[in-house]
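Quick mapping for you: the protein sequence lines, in order, are chains A and B.
Residue numbers 1 to 254, in our numbering, belong to the letters of the first sequence in order.
Residue numbers 255 to 555, in our numbering, belong to the letters of the second sequence in order.
All C-beta atoms in this analysis are idealised placements derived from N, C-alpha and C, irrespective of residue type, glycine included.
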Amino acid sequence: MLAARGEWTWERLKQDAAALADAEAGVWGFQSVDGQGYGGRVIHTLIPIVRSYGGDAWSDGACGLSSDEAVEAITLYHDMIFKDLSAVPPGEQGDFFTGNAALTVTQLSRVSKLEDAAFDWGVAPLPSGPAGAASVIGQAAVVAFAQGKQRELAAEFLAHMTSAENVAVMAEFFPPARTSVLEGEAFLSSNDAVTPDQMKIVADGIANGSVAPGHVAYPQIEAAMRPKFDALWKPDADVKAVLDDVCAAIEPLL
Amino acid sequence: MKDTAIRPPLTLRAREALVGWLFVSPITIGFLIFFVGPLVAVLGYSLTEWNLLTQQSTFVGMNNYVDALSRNPEFWTVLRNSLVFAAGLVPLNMVLALTLAVALSRPFRGVVIFRTIFFAPVVTAAVAWAIVWTFLLQGESGAVNQMLALIGIDGPNWLRHPDWAMFAVIVTRVFKTVGLNMILYIAALQSIPRDYEEAARLEGASGWQVFRMITWPLLAPTTLVIMVITVVGSLKVFDHIYLMTEGGPENGTLVLAFYIYEQAFEFFHVGYAAALAVILFLLIVLLTITQVILKQRGGAR
């Protein structure tokens with residue numbers, strides 16, 4: 001509803017999360033991606049916000065995380081944790097799937113964790129920001145290696161795996177990259193736990209979204225970022241200074 | 255059948271040796287395949303740059319070792335963290351183990367219950383132990399900080415605070431492993447004949463003097479064993495770090511075994527990781543030999 005009126009923004013989410021949270025009681029408004037937003041999935045947590053503010057993690061070998069847009073976006077999340085006390089802070093285990101956090105950002109496949117959920121849940125598009133809507137798509141992939149021993153066979157298998165028919169089968173958990181499947185009626189009812197209306201939101205997100213930041217040296221970049229990002233998760237952190245540090249650490253790898 | 259009858263019978267000695275070897279062959283073969291084999295293989299890998307995905311391997315000589323020791327400053331941070339972890343864990347573990355053992359080696363009502371309580375963590379799955387502690391050590395709603403709050407102490411965010419994370423993993427690791435050392439000490443204490451203490455008491459020795467002059471020296475062999483296994487165990491720590499801090503915050507708990515895992519299975523620097531593993535192995539061998547020598551010197555005194 002809010003999204004249709006263009007009012008579903010990160011600012012709005014921040015307010016909602018603050019209203020829903022009760023930190024003392026261990027009830028949180030927002031949980032980072034899989035609760036790993038302070039470790040391995042920090043980028044997955046921050047990028048939807050950063051892109052909606054017009055920034056990005058990196059592009060063309062340059063780090064974008066210390067741009068004004070990124071700093072503003074990440075400051076918003078920092079405030080949610082340390083000013084509003086609404087986002088599950090580092091070192092806490094508040095979990096959306098057990099009902100201890102009201103909102104989270106996650107993937108379609110995680111719906112299977114909600115089978116026995118004792119609460120009602122729904123699906124909303126990612127909030128928008130000053131730079132508009134910014135849906136983010138994950139990056140799981142089936143590939144054939146250029147240096148493999150059986151390249152042709154691998155390519156053939158790849159073609160088989162990604163045929164319209166097989167993509168439709170996988171669509172229940174891995175949102176399809178094929179437009180024909182994505183737009184088809186079958187996709188909307190491919191996952192029993194997700195209503196067609198909810199699946200439509202997922203489909204729109206894929207159709208209009210952009211892929212999460214990737215890089216051939218991603219594991220190295222992630223490891224270089226991790227200790228630098230740790231400095232951000234303190235109440236009095238200087239967001240801009242920390243992000244400058246993060247950029248300095250990863251720029252040689254980009 | 256006939257064949258064996260014609261062959262000259264083995265001498266008794268040779269036959270006994272053969273039977274002996276047959277009896278130990280399962281463990282010997284297992285040892286060669288699963289211990290010596292990988293050990294030699296790791297030595298080999300450490301001299302190569304090996305791409306796990308394409309199986310391409312290039313011989314680079316000592317390059318990986320040079321990388322670790324002189325080109326990669328991270329290595330020294332990691333080594334320091336490992337030594338800090340060991341230096342924190344070993345004394346704490348041994349003092350606690352000995353104290354518990356002395357307290358629980360005499361029979362009294364309920365002694366079995368206490369021994370069980372302190373030994374239970376040893377048989378608990380390490381993963382479960384570590385995960386439960388991440389919950390207990392939460393910054394806001396963790397049980398530890400809530401209990402501290404009752405007595406007016408505002409506890410830190412244990413696992414996310416650069417100054418406290420190492421302390422927290424050391425202490426939780428001590429509680430996990432101290433039970434085994436305690437049992438070893440209890441067994442050693444119970445094997446000391448009562449007469450010694452009785453005689454000393456009759457001579458007017460105080461409780462502390464009895465411990466200092468009789469019990470402690472007689473425990474020396476056990477202390478050596480415990481020290482060696484505790485040092486080795488502390489240098490090899492991986493599961494606690496992986497589950498509780500992932501080496502953070504700010505690399506504050508990045509220890510060797512976790513660093514090796516990261517290099518090998520996240521960055522696929524297999525050769526470099528193998529070189530690190532060899533360094534860890536040499537470090538453990540060196541420390542173990544040092545301990546044994548120091549102990550022998552002490553014993554000869």
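| task | At 7 Å on the CB atoms, spell out the chain B contacts of A23/A, in chain order. | result | E394
With burial defined as no fewer than 16 other Cβ atoms inside 10 Å of the residue's Cβ, what is the status of H415/B: buried or exposed?
-> buried
If you measure between the beta carbons of Q220/A and F521/B, is that distance less than 7 Å? yes
So, using beta-carbon positions, are P176/A and L13/A closer together than 7 Å?
-> no
(message) To the nearest angstrom, how far is the alpha carbon of T378/B from that of P48/A?
(response) 40 Å
* Asked: Should W387/B be listed as close to the ligand SAH, given that the test is whether its C-beta is under 6 Å from any heavy atom?
  -> Absence of the ligand SAH from the depicted structure is noted, as is the absence of any ligand whatsoever, leaving it without description.
Looking at C-alpha atoms only, which residue of L301/B, T308/B, L307/B is the closest neighbour of V314/B?
L301/B
DSSP state of S324/B, grouped into three classes?
helix
task: Following the continuous beta strand (DSSP E) through G99/A, name the residue where it begins and the one where it ends.
output: Element bounds for G99/A: n/a, residue is neither H nor E.
Nearest to I371/B by CA position, among V349/B, Q392/B, I407/B, G433/B, is which residue? G433/B
Taking G91/A as the reference, give the member of I81/A, T98/A, F97/A, P196/A with the closest Cα. I81/A
* Give me whichever residues DSSP pairs with P129/A in a beta bridge. => It is worth fixing the name first, because residue 129/A is Gly in this sequence and not Pro. Looking at the DSSP assignment, G129/A forms a beta bridge with G132/A.
Are at least three pairs of beta-carbons, each pair with one atom in the segment 342-352 of chain B and one in the segment 424-440 of chain B, less than 8 Å apart? yes
key: Assigned secondary structure, I281/B (DSSP; H/G/I helix, E/B strand, else coil)   = helix
Q) Are there three or more Cβ pairs, one per stretch, closer than 8 Å when the segment 164-175 of chain A is compared with the segment 189-202 of chain A? A) yes
I'd like the span of the alpha helix (DSSP H) that includes S180/A, first residue to last. 179-183
- Whether A528/B touches Y319/B by CB criterion (7 Å): no
(message) I'd like to know whether the C-beta of P503/B is nearer than 7 Å to at least one C-beta of chain A.
(response) yes
**Q.** Backbone secondary structure at T9/A - three-state DSSP
**A.** strand
Original post:
Looking at C-beta atoms only, is the number of pairs between the segment 386-401 of chain B and the segment 84-104 of chain A that lie closer than 8 Å three or more?
Top reply: yes
For F519/B and chain A, any beta-carbon pair shorter than 7 Å? no
Going by CA-CA distance only, name the one from F285/B, A442/B, E457/B, W412/B that's closest to T469/B. A442/B
Item to check | Reduced DSSP secondary structure (H/G/I, E/B, other) of M255/B | outcome: Confidence in M255/B is poor, its pLDDT being 49 and thus under 50, which makes the residue's placement unreliable; the coordinate value appears in the next sentence. DSSP places M255/B in coil when its eight states are reduced to three.
Query raised in the report: Would you call I495/B buried or exposed, if buried means 16 or more other Cβ atoms sit within 10 Å of its Cβ?
Result: buried
Considering T302/B, what are the terminal residues of the beta strand (DSSP E) in which it resides?
302-305
DSSP state of F492/B, grouped into three classes?
coil
Give every residue of the same chain whose Cβ lies closer than 6 Å to the Cβ of E451/B, excluding the five residues on either side of it in the sequence, and list them in chain order. V464
V62/A (DSSP reduced to helix, strand or coil): Before going on, a small fix: residue 62/A reads as Ala here, not Val. If DSSP states are grouped into helix, strand and coil, A62/A belongs with the strands.
Enclosing beta strand (DSSP E) for G29/A [first to last residue]
28-31
ask   = Got a sec: which bits of the segment 106-126 of chain A sit with their beta carbon under 8 Å from any beta carbon on chain B, in order along the chain?
value = none
Query raised in the report: Which first and last residues belong to the beta strand (DSSP E) in which Q310/B is found?
Result: 310-313
Report the rounded CA-to-CA distance for A17/A versus V356/B, giving the unit in angstroms. 54 Å
N- and C-terminal bounds of the alpha helix (DSSP H) containing Q392/B
From DSSP, Q392/B is part of no alpha helix (DSSP H); its letter is neither H nor E.
By a C-beta neighbour count over all protein chains shown, 10 Å radius and 16 as the cutoff for buried, is S279/B buried or exposed? exposed
Is there a Cβ of chain A sitting closer than 7 Å to that of R325/B, yes or no?
no
*asked:* Assuming contact is defined by CB atoms lying nearer than 7 Å, are C247/A and L65/A in contact in what I supplied?
replied: yes
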